[in-house]
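Q: Before I ask anything, here is the structure I am working with.
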Amino acid sequence: MAEPAASRDGIPVGISACLMGEQVRYNGGHKRSRYCLEVLQDRFVFEPFCPELEAGLGVPRDPIRLVGLQGEAPRVQGTKDPSLDVTERLAEVSEDFAARHRHLRGFILMKGSPSCGLSRVKVYHPNGMPSHADSGAFVRALRRHFPELPLEEEARMNDPVLRENFITRVYAFDDWKRRVEAAPSYHALLQFHSRQKYLLMAHHVEAYRELGRYLAESSKLPLEEALAHYLQRFMAALGRPATRKTHANALMHVLGYLREAVDGETRQDLLVAIEDYRLGHVHLVVPIRLLNHYVKRHGSDYIREQTYLNPHPYELGLRNAI
Ligand code: SF4
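Quick note: the sequence shown uses our numbering, first residue -3, plus one each step.
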């Protein structure tokens, strides 16, 4: 099976340095991730970053935590010594990182960290009591200065749906970087939308329709504006994980392209595979493999080029688990 082109060279992805086994945690330890180092490292070129180290906090260091009231941007202060306030320093190094790493296609984060945690990081009331949850300071800066960058916590990638979703987003963003951003034009944008259509449909059918309408009007807009709007909406839509129901809908649309080309018995087999998947009897790989088999032989260029049929390297086995 053909692979997404970028995987041959390795895709640049940022990662919290402690997940790479670097001893940069406040206590001099690390949180080495086997999945990242033993599986994803074959596909991604990891670029480790520790915002706290970069902000000049040494190793070992006094632990820090988020402090503030609900509805306010939390401050980052020392757990033992609240007069140690690194909010501005962390914001500066994070903004600088985002500016210097526009080539990244994603970032894998360490859970629970006041800097790197994606969400559900404890925020303490100024009186010292646990109050609510928020994102870490580095993540807040990434969202502000590089909003289209796919983010995920390493621990959440134990969930097969979230894992597949993150890696799908990384490969889709890579496609955008190489084939739209590298030589921007309306033609490149339309071609991107054309090959990503069924992937988008599987994740967010409303965004699929909305972006189709937007593109029909977009040639009247300045190119830069159209690209920025499309990318922001596209990446946000892919961030919503597809379900069995939404995948089954996209699969039925792909099957529609084969109706005339395959005989009744084959069509029935394909329908049964899609229905088995929708009902949870088999994994997504089953109907996808069957459809790919017939699309390869009988599909038009348009349907063969759909990234939905091959969004990431088959060997990662991501669709064997969802
Ligand atoms: S979680 Fe982030 S800030 Fe903390 S040690 Fe790891 S990379 Fe550094």
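We treat Cβ as the ideally placed atom computed from N, Cα and C, and that holds for glycine. Model, not experiment: these values are computed from the prediction.
Anyone know if the C-beta pair for I104 and E34 falls short of 8 angstroms?
A: Not closer than 8 angstroms, so no.
Q: Evaluate R293 with the Cβ neighbour count: other Cβ atoms within 10 Å of its Cβ, from every protein chain shown; 16 or more gives buried, anything less gives exposed.
A: The residue is exposed, with fewer than 16 neighbouring Cβ atoms inside 10 Å.
Q: Between the Cα of T262 and those of E48, L286 and E144, spot the shortest distance and give me the residue it belongs to.
A: The residue with the shortest Cα to Cα distance from T262 is L286.
Q: Do E144 and Q73 have their beta-carbon atoms positioned less than 8 angstroms apart in this structure?
A: Against a cut-off of 8 angstroms, the Cβ pair of E144 and Q73 comes out as no contact.
Q: Taking DSSP's pairing of strands, which residues face E369 in a bridge?
A: Past the boundaries of the shown model lies residue 369; the chain is included only from -3 to 318, so the question cannot be answered.
Q: I need the DSSP call for E202, collapsed to helix, strand or coil.
A: The answer is helix: DSSP assigns E202 an H, G or I state.
Q: Count the other CB atoms within 10 Å of the CB of D170; is the residue buried (16 or more) or exposed (fewer)?
A: So D170 counts as buried.
Q: Decide yes or no for the touch test of the stretch 183 to 191 against the stretch 125 to 142: beta carbon pairs closer than 8 angstroms, at least 3 of them.
A: Not touching, per the Cβ criterion.
Q: Using 8 angstroms as the Cβ pair cut-off and three pairs as the minimum, do the stretch 48 to 58 and the stretch 16 to 25 touch?
A: Counting Cβ pairs under 8 angstroms, three or more are found: they touch.
Q: Is the beta carbon of S90 within less than 7 angstroms of some heavy atom of the ligand SF4?
A: Not under cutoff, so the answer is no.
Q: Drop a sphere of 10 angstroms on the beta-carbon of A269, count the other beta-carbons inside from all chains shown, and report buried for 16 or more, exposed for fewer.
A: Buried: at least 16 other Cβ atoms inside 10 Å.
Q: I want to check one thing, is the minimum distance from the CB of R116 to the heavy atoms of the ligand SF4 below 7 angstroms?
A: Every heavy atom of the ligand SF4 is 7 angstroms or more from the Cβ of R116, so no.
Q: Buried or exposed for K76, going by 16 or more other Cβ atoms inside 10 Å?
A: By the 10 Å Cβ count, K76 comes out exposed.
Q: Considering only residues of the same chain and omitting the five flanking positions on each side of A323, which have a CB-CB separation below 7 angstroms?
A: In the structure as shown, the chain begins at -3 and stops at 318. Residue 323 is therefore absent and cannot be evaluated.
Q: Looking at A69 and the ligand SF4, is the gap between the Cβ and the nearest heavy atom below 7 angstroms?
A: A69: no, Cβ never under 7 angstroms from the ligand SF4.
Q: Since G260 is in the alpha helix (DSSP H), which residue starts that stretch and which ends it?
A: Residues G260 to R274.
Q: Determine whether the beta carbon atoms of T303 and Q192 lie at a separation below 8 angstroms.
A: It is a contact, given that the beta carbons lie within the stated cut-off.
Q: Compute the distance between the beta-carbons of R101 and P8, then report whether it is under 8 angstroms.
A: In this structure, P8 lies closer than 8 angstroms to R101 by Cβ.
Q: Answer yes or no: do E160 and I318 have a C-beta to C-beta separation smaller than 8 angstroms?
A: Result yes, Cβ atoms of E160 and I318 sit closer than 8 angstroms.
Q: How long is the line joining the alpha carbons of A51 and L114, rounded to whole angstroms?
A: Each residue's Cα considered, the two are about 19 angstroms apart.
Q: Can you grab the Cα-Cα spacing for the pair T242 / L147, in whole Å?
A: When rounded, the distance between both Cα atoms is 22 angstroms.
Q: Enumerate in chain order the residues of its own chain whose CB-to-CB distance from H249 is below 7 angstroms, with the five nearest sequence positions on each side excluded.
A: Excluding sequence neighbours, H249 sits near Y194 and M197.
Q: Among residues of its own chain, excluding the 5 on either side of E64, which ones have a beta-carbon nearer than 7 angstroms to its beta-carbon?
A: Reading the sequence as shown, one finds Gly at residue 64 and not Glu. P70, R71 and V119, listed in sequence order.
Q: Go through its chain and collect everything with a Cβ distance to D38's Cβ below 6 angstroms, but skip five positions before and after it.
A: No residues qualify anywhere along the chain.
Q: Where do the N-terminal and C-terminal ends of the beta strand (DSSP E) with D130 fall, by residue?
A: D130 -> beta strand (DSSP E) spans P126 to D130.
Q: Considering only C-alpha positions, which residue in the set H199, G108, Y273 and Y290 is nearest to L158?
A: The candidate whose alpha carbon is nearest that of L158 is H199.
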